[in-house]
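A quick write-up on the structure given underneath.
Residue numbers (my numbering): 2 to 472.
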């Protein structure tokens with residue numbers, strides 16, 4: 002606990018060390034202090050200093066916020082994070098100086114944090130506009146699915162009221178992974194009088210609901226995880242129809258097609274939240290260090306569904322790791338995307354060709370990992386896996402694509418796919434970008450287009466892999 006302005010949290014430091022399966026030597030090495038110093042901290046013989054606070058926040062960003070919930074300590078964490086932004090270009094300030102600055106000028110620190118957040122949002126908007134211009138797609142000409150995608154992005158891909166409604170319903174129904182399909186069919190019948198038929202359907206039909214007969218048909222050829230998800234979609238439409246309508250009305254898109262797509266997107270979100278209730282899913286994910294296969298088995302969902310759900314865990318006061326997630330098809334098109342990190346995906350066209358997701362598309366069911374670094378100096382750990390979704394018939398080709406899930410390197414200790422990567426090696430990271438049109442890197446052999454915001458130079462007497470240089 003805190004004594005005056007000093008922070009004594011020995012039991013929490015020790016508990017954190019044990020949860021991370023570290024001995025005192027390993028923990029001390031991670032924090033840059035001696036073993037004896039760590040022992041004194043754990044026994045409350047010494048308070049945390051600014052440098053140790055910064056080291057804890059850097060090594061365990063998810064756990065640090067629970068050490069001291071005083072407003073000034075929470076502001077200090079955000080201030081340190083903003084001051085250490087790689088995009089600033091200069092080395093981060095000394096933690097002790099940063100803390101003194103906060104103590105003497107708290108209003109300035111709060112304003113700096115707000116400005117840093119606004120700057121990041123402005124950078125995102127500029128990138129969106131530049132990419133739209135580069136693709137001859139003005140914002141006014143955006144298609145309905147793009148408007149829906151942007152609505153979810155602005156909402157942080159977390160819809161609090163709908164998420165809580167789904168979580169409460171999951172607990173009420175006693176949903177557990179293995180028997181979710183049976184319980185969902187029973188819930189549709191008992192709560193809404195809706196009969197469900199599992200049928201062998203021709204074509205690409207997955208779910209068909211007849212509101213007059215109050216009857217639902219599900220294509221039995223789909224995998225069990227897909228059938229459960231389709232049942233969950235229908236149940237959420239019936240259970241939370243009023244909420245879905247309110248959310249759509251509040252979006253004020255002014256277009257019926259966009260409203261209909263948003264309604265479907267919200268029902269899909271609710272289905273994911275129903276099958277993977279927030280707190281139980283978040284706690285299980287942390288226990289498994291976000292190992293997707295056992296996590297998916299625990300909740301009876303698919304690999305892709307589990308990855309997507311991890312990217313939505315942004316509930317205030319109970320946040321999960323900030324992940325980015327996307328799905329890429331065989332042609333390199335990004336068909337689903339969200340990022341709770343500083344990494345933003347290309348809105349038009351494909352992703353960076355150096356990104357591991359492209360390799361994963363060609364090698365189904367094999368997990369690929371990568372340490373990447375974007376032009377702003379931020380490093381990310383990416384996990385990608387190629388997937389094949391069966392069509393249920395020899396006459397129709399299966400769908401092939403890849404999903405990728407990743408986080409900033411600060412969360413690597415809680416992400417099992419970072420194990421074995423040379424995280425401390427400056428030369429180990431692959432230089433990746435958002436897309437060629439927005440990437441300022443020079444000398445990239447994989448560049449497909451020049452960046453739109455800077456001139457190029459062509460030397461007719463010298464030829465390299467890329468026939469121009471970026472100024």
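Quick reminder that beta carbons are idealized off the backbone N, C-alpha and C, glycines included.
For the pair residue 413 and residue 422, the CB atoms are nearer than the 9 Å cut-off. The alpha helix (DSSP H) runs lying completely inside the stretch 217-282 and spanning 4 residues or more are 225-240, 242-252, 257-276, given in chain order. Secondary structure within the stretch 337-417: the beta strand (DSSP E) runs of 3 or more consecutive residues, fully enclosed, are 368-374, 380-390, 400-409 (chain order). Cβ atoms of residue 353 and residue 381 stay farther apart than 8 Å, at about 12 Å. Residue 470 carries a strand assignment under DSSP once its states are collapsed to helix, strand and coil. Around the C-beta of residue 99, 16 or more other C-beta atoms lie within 10 Å, and the residue is accordingly described as buried.
Between residue 309 and residue 418, the CB-CB gap reaches or exceeds 9 Å.
Secondary-structure assignment with DSSP links residue 200 through a beta bridge to 220. Under DSSP, no beta-bridge partner is assigned to residue 107.
Using a Cβ-Cβ distance cut-off of 8 Å, the stretch 309-325 and the stretch 393-402 are not in contact, since fewer than three pairs of beta carbons, one from each stretch, lie closer than that value. Annotated three-state conformation of residue 210 is strand, per DSSP. When C-alpha distances from residue 272 are compared across 237, 95, 172, the shortest belongs to 237. If you ignore the 5 residues before and after residue 208, its C-beta comes within less than 8 Å of the C-beta of 217, 218, 219, 220, 231, 234, 235, all in its own chain and listed in chain order.
For residue 98, no pairing in a beta bridge is given by DSSP. For the pair of segments examined, the stretch 355-371 was found to touch the stretch 382-389: the number of CB pairs separated by less than 8 Å reaches three. Here the alpha carbons of residue 329 and residue 400 stand approximately 11 Å from one another. Looking at 202, 374, 214, 212, the one whose alpha-carbon comes closest to that of residue 222 is 202.
DSSP places residue 327 inside the beta strand (DSSP E), whose first and last residues are 324-330. CA-CA distance, residue 197 to residue 304, rounds to 25 Å. Looking at 179, 27, 244, the one whose alpha-carbon comes closest to that of residue 162 is 244.
DSSP, reduced to helix, strand and coil, places residue 457 within a strand of the structure shown. Look at residue 81 here: in three-state DSSP terms it is helix. Looking only at 469, 60, 181, the smallest Cα-Cα distance to residue 275 is reached by 181. Looking at the DSSP output, residue 432 shares a beta bridge with 374.
Proximity to residue 444 across 215, 461, 376, 44 peaks at 376, based on C-alpha coordinates. Under the three-state reduction of DSSP, residue 186 is assigned to helix. If you draw a straight line from the Cα of residue 30 to the Cα of residue 369, it comes to about 29 Å. Pairing residue 458 with residue 471 gives a Cβ-Cβ distance under 9 Å. In the three-state reduction of the DSSP assignment, residue 293 falls in the helix class. If you check the CB distance, residue 435 and residue 346 come in under 9 Å. In summary, residue 43 is buried, with 16 or more beta-carbon neighbours lying within 10 Å of its beta-carbon over all protein chains present. A distance below 7 Å between beta-carbons, with the five flanking residues on each side excluded, links residue 252 to the following residues of its chain, in chain order: 152, 263.
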